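Student:
Residue numbers (the working numbering), protein chains in the order written: chain A, 1 to 282; chain B, 1001 to 1313.
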């Protein structure tokens, strides 16, 4: 590690600790703001003369309102269901495709690999209008399946790309040994290579789960009725009436919608970072 | 190769002379197995990417509105767009937003990566919390920003008023240029961690001996950064920039949540304006033609990226 040696403590404070503190402060401030807003009573929230940084009368009223006024528990369930199933589908497809592209020799390997990489870069913004039509044609409009089946369009390419890279790091000889022992091609793949790829599968899964938990555009366009919405859509659309923003419940919802991904992430930081950097390097 | 012994220890051996089924025999052939393994992926990508893409091109040259079939109208939609002042503003905004936000994310992300590359207490905790803006649903954190930019109750106004820097409230989202600045700020806040963490991964692969050698040769920290660090992480930097540019160029949610394209349609980008026309005004054909404007730029970036990957292989 090339840790520069600084002259004195003062210098280290100026070039290191102060910038670091500012950076961490700026990063975390909006989250502090979510928390403090969600527990301040309305009389304080909407009083310009009060110091907004703390409260002496913390309240859970906004959380209570969130559960009374909206279908938040239903949204949370929808989000969890959608994120889990679409992640499962994407991992299944990505695992098989990644293996095929990394390990098997067949004529279309290179162009298919390129094609999947290209779809990885196609943003939802380009496709959401015609995709809305397709979803309607298949009779999926306003059902969880509208997003469960469309999220894999950006999750599968990512999982494939990541797992392909992972399979390339597993020595081919391990499978060859199993095959000499009489395992079939398929058995060698399922029983030898897949278990060895488990860390890669976990990384891809964590990343895919957070992506589908956070998705906005497809859910906004394809899911219309309040009981079908996911947390990001529900909080955004149901707690704003005309020009009136219910900031207390809004921030309570934002906080509760953020905590699950933050918890999942905190358990698997290293896997997440592997996925993040692996996704770029390929 | 100690792992081989582990692998052969796994009981996969099927030594009995059981004749494999016909399907089993077929799957022994690599190209058949490859086809079977790729089939689910190809089905989903064809149905939900390739087909909608073609359909999108058809919509863009049709006058389709919600609830009635469309007719072919050639390039009329594109002509309408190019005469629409809101569209032209969105066109300009998309590039301004992408360019400024990407440059800032790169500069700040690099600074953050250099800071995080030092040894200090709680380093793991700091690195983990740095990524939070990137992990948390963008819509939800953007709502927090919207509240911080509130016309009456903005915390920034409260601080500036109390310090005495300003005497009147600033309407952060009330003016096109200022609102654009707010959008870029939030985008940089959200996207910077991605740069920081990936660049940090790049920095950690640099052999410290190189820095020591340069130091012995009399290079100062600044020179070492430009002459040693930067050339070595250029490849990963370029890839991160391209990824981020695509995402920023095609951004929708951050802008839609914070300003909805307002005030007076002055902060639309391609994504939000396409949504406005297609979903709010129900003009699907017109909307599809707007999102198609994303395509040439995306294609350029993708082709460049593929070329770069081939070259470096």
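Backbone N, C-alpha and C fix where the C-beta goes; we use that ideal spot for every residue, glycine too.
If you're wondering where the values come from, they're calculated on a predicted model, not measured in any experiment.
At the 8 Å Cβ level, is residue 169/A part of the contact set with chain B, yes or no?
Tutor: no
Student: Look at the alpha carbon of residue 3/A and the alpha carbon of residue 1199/B, and state the distance between them as a whole number of angstroms.
Tutor: Its pLDDT being 49, under 50, residue 3/A is placed unreliably by the model, and nothing is read from it.
Student: Does the CB of residue 1028/B have a neighbour CB from chain A at under 8 Å?
Tutor: yes
Student: State the DSSP-derived secondary structure class of residue 209/A, mapped to helix, strand or coil.
Tutor: helix
Student: In chain order, what residues of the same chain have a beta carbon less than 6 Å from the beta carbon of residue 200/A, not counting five sequence neighbours either side?
Tutor: 163 and 166.
Student: Under DSSP, the alpha helix (DSSP H) around residue 1187/B begins and ends at which residues?
Tutor: First-last of the alpha helix (DSSP H) with residue 1187/B: 1176 to 1204.
Student: Which residue's Cα is closest to the Cα of residue 198/A: 10/A, 110/A, 99/A and 24/A?
Tutor: Check the Cα spacing between residue 198/A and each of 10/A, 110/A, 99/A and 24/A: the tightest is with 99/A.
Student: Since residue 81/A and residue 1139/B are thought to touch, with beta carbons under 8 Å apart, how far apart are those beta carbons, to the nearest angstrom?
Tutor: Between residue 1139/B and residue 81/A the Cβ distance is about 19 Å, and since that is not below 8 Å, they are no contact.
Student: Report yes if the CB atom of residue 1204/B is closer than 8 Å to the CB atom of residue 1214/B, and no otherwise.
Tutor: no
Student: What number of angstroms, rounded off, separates the C-alpha of residue 1283/B from the C-alpha of residue 238/A?
Tutor: 25 Å
Student: What does residue 158/A reach in chain B if we use C-beta pairs closer than 9 Å?
Tutor: Those do not exist, as residue 158/A stays about 11 Å from chain B at its closest Cβ, beyond 9 Å.
Student: Is there at least one Cβ from chain E nearer than 8 Å to residue 145/A's Cβ?
Tutor: Of the protein chains in this structure, namely A and B, none is chain E.
Student: So, helix, strand or coil for residue 184/A, using DSSP?
Tutor: coil
Student: Give the secondary structure of residue 1068/B by DSSP, where H, G and I count as helix, E and B as strand, and everything else as coil.
Tutor: strand
Student: Is residue 258/A close to chain B, meaning its C-beta is less than 8 Å from at least one C-beta of that chain?
Tutor: yes
Student: The alpha helix (DSSP H) spanning residue 1279/B covers which residue range?
Tutor: Note, residue 1279/B: premise wrong, no alpha helix (DSSP H); not H, not E.
Student: Along the region 1140 to 1154 of chain B, where does the CB come closer than 7 Å to a CB of chain A? Name the residues.
Tutor: Listed by position along the chain: 1140, 1141, 1143, 1144, 1145, 1147, 1148, 1152 and 1153.
Student: Does the Cβ of residue 103/A lie closer than 7 Å to at least one heavy atom of the ligand SAM?
Tutor: Judged by which ligands are present, the structure shown has none, so any question about the ligand SAM falls away.
Student: What are the start and end residues of each continuous alpha helix (DSSP H) run of 4 or more residues lying completely inside the region 41 to 117 of chain A, in chain order?
Tutor: 42 to 45, 61 to 69 and 72 to 103
Student: How about residue 14/A: is its C-beta nearer than 8 Å to some C-beta of chain B?
Tutor: no
Student: Examine chain B for any beta-carbon lying closer than 8 Å to the beta-carbon of residue 67/A, and answer yes or no.
Tutor: Between residue 67/A and chain B, the shortest Cβ-Cβ separation is not below 8 Å.
Student: Any idea what DSSP makes of residue 1122/B, helix, strand or coil?
Tutor: coil
Student: Could you name the residues that DSSP lists as bridge partners for residue 241/A?
Tutor: 244/A
Student: So, helix, strand or coil for residue 203/A, using DSSP?
Tutor: It is helical.
Student: Can you find a CB in chain B that lies within less than 8 Å of the CB of residue 267/A?
Tutor: No, because no Cβ of chain B sits closer than 8 Å to the Cβ of residue 267/A.
Student: Only counting the same chain, and skipping five residues up and downstream in sequence, which positions put a Cβ closer than 7 Å to that of residue 102/A?
Tutor: 164, 167 and 168
Student: Would you say residue 107/A lies against chain B (beta-carbon separation less than 8 Å)?
Tutor: yes
Student: Per DSSP, what kind of secondary structure is residue 1062/B in: helix, strand or coil?
Tutor: strand
Student: Just reading off the alpha helix (DSSP H) that residue 1031/B is part of, what are its end residues?
Tutor: It spans 1030 to 1045 - the alpha helix (DSSP H) in which residue 1031/B sits, taken as one unbroken run.
Student: Can you list the residues of chain A that residue 1072/B reaches, using a CB-CB cut of under 9 Å?
Tutor: Going along chain A, no residue has its Cβ under 9 Å from residue 1072/B, so there is no contact; the nearest lies around 16 Å.
Student: Could one say the Cβ of residue 207/A lies closer than 8 Å to chain B's Cβ atoms, at least one of them?
Tutor: no
Student: Check residue 25/A in the structure and name its three-state DSSP category.
Tutor: helix
Student: Would residue 952/B and residue 1184/B qualify as a contact pair, given that the criterion is a beta-carbon distance under 8 Å?
Tutor: No answer is possible for residue 952/B: it lies beyond the span of chain B, which begins at 1001 and ends at 1313.
Student: Closer than 7 Å between beta carbons: that is the criterion. Which residues of the region 122 to 154 of chain A meet it against chain B?
Tutor: 122, 123, 125, 126, 127, 129, 130, 131, 133, 134, 149, 150, 152 and 153
Student: How about residue 218/A: is its C-beta nearer than 8 Å to some C-beta of chain B?
Tutor: no
Student: Would you mind reading off the limits of the alpha helix (DSSP H) that contains residue 1215/B?
Tutor: 1208 to 1216
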